[in-house]
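J.: Those protein sequences? They're chains D and Y, same order as listed. In terms of UniProt numbering, the first sequence opens at residue 1 and continues consecutively. In terms of UniProt numbering, the second sequence opens at residue 1 and continues consecutively. No residue lacks a Cβ here, since even glycine has one placed at the ideal position from N, Cα and C. Bear in mind the structure is a predicted one, so any value in this text is a computation, not a measurement.
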Amino acid sequence: MIKGLAITTVWVLDQDRAKEFYTHKLGFEVRTDMTMGDGGMRWLTVGAPGQPDVELTLMVPGPPAMDPESAEMMRKLVAKGALGAGVLATDDIHGDYKKLKDRGVEFLQEPQERPYGTEALFRDDSGNWFSFTQRREGGLDLERDWAC
Amino acid sequence: MDKLHRMRLAKDAMDRDWADPGLDLDAVAACAGYSRFHFVRAFKDAYGETPGQYLTHRRIERAEEMLRCANLTVTEICTLVGFSSLGTFCARFKARTGLTPSEYRAKHVGRGASLIPGCYAMLWAGGFSTARSEKHSAAGPAYGDDRESADRRAET
Numbered sequence: 001m002i003k004g005l006a007i008t009t010v011w012v013l014d015q016d017r018a019k020e021f022y023t024h025k026l027g028f029e030v031r032t033d034m035t036m037g038d039g040g041m042r043w044l045t046v047g048a049p050g051q052p053d054v055e056l057t058l059m060v061p062g063p064p065a066m067d068p069e070s071a072e073m074m075r076k077l078v079a080k081g082a083l084g085a086g087v088l089a090t091d092d093i094h095g096d097y098k099k100l101k102d103r104g105v106e107f108l109q110e111p112q113e114r115p116y117g118t119e120a121l122f123r124d125d126s127g128n129w130f131s132f133t134q135r136r137e138g139g140l141d142l143e144r145d146w147a148c
Numbered sequence: 001m002d003k004l005h006r007m008r009l010a011k012d013a014m015d016r017d018w019a020d021p022g023l024d025l026d027a028v029a030a031c032a033g034y035s036r037f038h039f040v041r042a043f044k045d046a047y048g049e050t051p052g053q054y055l056t057h058r059r060i061e062r063a064e065e066m067l068r069c070a071n072l073t074v075t076e077i078c079t080l081v082g083f084s085s086l087g088t089f090c091a092r093f094k095a096r097t098g099l100t101p102s103e104y105r106a107k108h109v110g111r112g113a114s115l116i117p118g119c120y121a122m123l124w125a126g127g128f129s130t131a132r133s134e135k136h137s138a139a140g141p142a143y144g145d146d147r148e149s150a151d152r153r154a155e156t
């Protein structure tokens, strides 16, 4: 039986910069940072402190997993901002929005009320977008007139 | 990648500040650190449409959402999404959706709140040229395409 999502990949343009961003700006913790062999693959994973069983692996597009052409295409997609990395959950969207913004995180949308909760959007330092959401208690609110 | 990164900063500025009537071509180009002339071409190379076309798509997408779920008049929505001319807004809206704002509202109203997550509506509203946007490429002047237009700020 599938137990859930454990690790997923976020394609980044520079692992050192991404490590700095995810730890110092988002407050994630580094779970693993090791390199296999000389100049080999660097396995770098981070996760939210309260969620030990889920990790993001921050990978740079390139060999041996990707041929040069594919790697170049992937880097372009990341740089253009075409790739979304996921939804991050918070229990204090307004407080965390301010905290992250003060640390220099680039937001595309300030917190807005939605039927499913309050949501903001930001990018990581490579260009991946994240939804940043505080879910509404008690499910969807379909009663309100949603002037957006 | 640096060029693409700069184009993304400009696109993000439009995604973030689409309602700001002061968001003209110079302001957007400045976000990328480009001159307006080179900027329009570089942006189109990256995203398949001009900055003006992109911003128009973004504003029409916001207008669609307001028509679906907000108790506002078409004229109010026109202003809120950054157009200064109702005629221009209606023409752009119809070019993009195939319906006038009133027809669109009549078709979609009464279905409760918008259930399309805002992030998806935002990120799918533009950014890459598609068959759909090519079909509607006559949608009108964009940054750099019609510099003489008196209504340039709102339209583009």
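Please determine if the stretch 12–30 of chain D and the stretch 44–60 of chain D are in contact, where contact requires at least 3 C-beta pairs separated by less than 8 Å.
T.: Contact between the stretch 12–30 of chain D and the stretch 44–60 of chain D is present, because at least three Cβ pairs lie under 8 Å.
J.: Taking its Cβ as the centre, do 16 or more other Cβ atoms sit within 10 Å of Y/Arg132, making it buried, or is it exposed?
T.: Reliability of the predicted coordinates at Y/Arg132 is poor, the pLDDT of 39 falling under 50, and no value is obtained from them.
J.: Taking 8 Å as the CB-CB cut-off, is D/Lys80 touching chain Y?
T.: Yes, contact with chain Y.
J.: Among D/Glu20, D/Leu5, D/Arg136 and D/Trp129, which residue has its Cα nearest to the Cα of D/Ala79?
T.: Minimum Cα distance to D/Ala79 is reached at D/Trp129.
J.: Here's a check: name, in chain order, each residue in its chain whose Cβ is nearer than 6 Å to the Cβ of D/Arg123, leaving out the five neighbours to either side.
T.: Glu106 and Trp129, listed in sequence order.
J.: Quick one: what does DSSP say D/Ile7 is sitting in, helix, strand or coil?
T.: In the structure shown, D/Ile7 sits in a strand (DSSP, three-state: E or B).
J.: Report back the beta-carbon spacing between D/Thr118 and D/Gln112 to the nearest angstrom; my notes put them in contact at under 8 Å.
T.: Right, their Cβ atoms sit about 7 Å apart.
J.: Are the beta-carbon atoms belonging to Y/Gly87 and Y/Pro21 less than 8 Å from one another?
T.: No. Outside cutoff.
J.: What residue range is occupied by the uninterrupted beta strand (DSSP E) comprising D/Gln15?
T.: Careful: D/Gln15 lies outside any beta strand (DSSP E), inside the alpha helix (DSSP H) at Gln15 to Glu20.
J.: To the nearest whole angstrom, what separates the beta carbons of Y/Lys94 and Y/Thr100, a pair I think is in contact under 8 Å?
T.: Confirmed, Cβ separation roughly 5 Å.
J.: If you measure from the beta carbon of residue 163 of chain Y to each beta carbon in chain D, is any gap under 8 Å?
T.: Outside the displayed range of chain Y (1 to 156) lies residue 163 of chain Y, so it cannot be described from this structure.
J.: Check whether the Cβ of residue 151 of chain D lies closer than 8 Å to any Cβ atom in chain Y.
T.: Nothing can be reported for residue 151 of chain D: it is not among the residues displayed for chain D, which extend from 1 to 148.
J.: Could you check whether D/Gly81 and D/Gly127 sit closer than 8 Å to each other, using their CB atoms as the reference points?
T.: Closer than 8 Å, so yes.
J.: Whose Cβ in chain Y lies nearer than 7 Å to the Cβ of D/Leu108?
T.: Within 7 Å Cβ-Cβ: Asp12, Asp15 and Arg16.
J.: The stretch 31–44 of chain Y: which residues have C-beta closer than 9 Å to a C-beta of chain D, in chain order?
T.: Cβ contacts with chain D come from no residue of the stretch 31–44 of chain Y.
J.: Just to confirm the assignment, what range does the alpha helix (DSSP H) spanning Y/Glu61 have?
T.: From DSSP, the alpha helix (DSSP H) with Y/Glu61 extends over Pro51 to Cys69.
J.: Mind checking which residues open and close the alpha helix (DSSP H) that includes D/Ser70?
T.: That run of the alpha helix (DSSP H) goes Pro68 to Lys80.
J.: For the beta strand (DSSP E) that contains D/Ala65, what are its first and last residues?
T.: Careful: D/Ala65 lies outside any beta strand (DSSP E) and carries neither H nor E.
J.: List the residues of chain A whose Cβ lies closer than 8 Å to the Cβ of D/Gly62, in chain order.
T.: The question asks about chain A, but that chain is absent: this structure's protein chains are D and Y.
J.: Measure from the C-beta of Y/His57 to each C-beta in chain D and report whether the shortest distance is under 8 Å.
T.: No, Y/His57 does not count as interfacial toward chain D.
J.: Just the C-alpha distance for D/Ala120 and D/Gly104, rounded to the nearest angstrom, thanks.
T.: Answer to the nearest angstrom: the Cα atoms are 15 Å apart.
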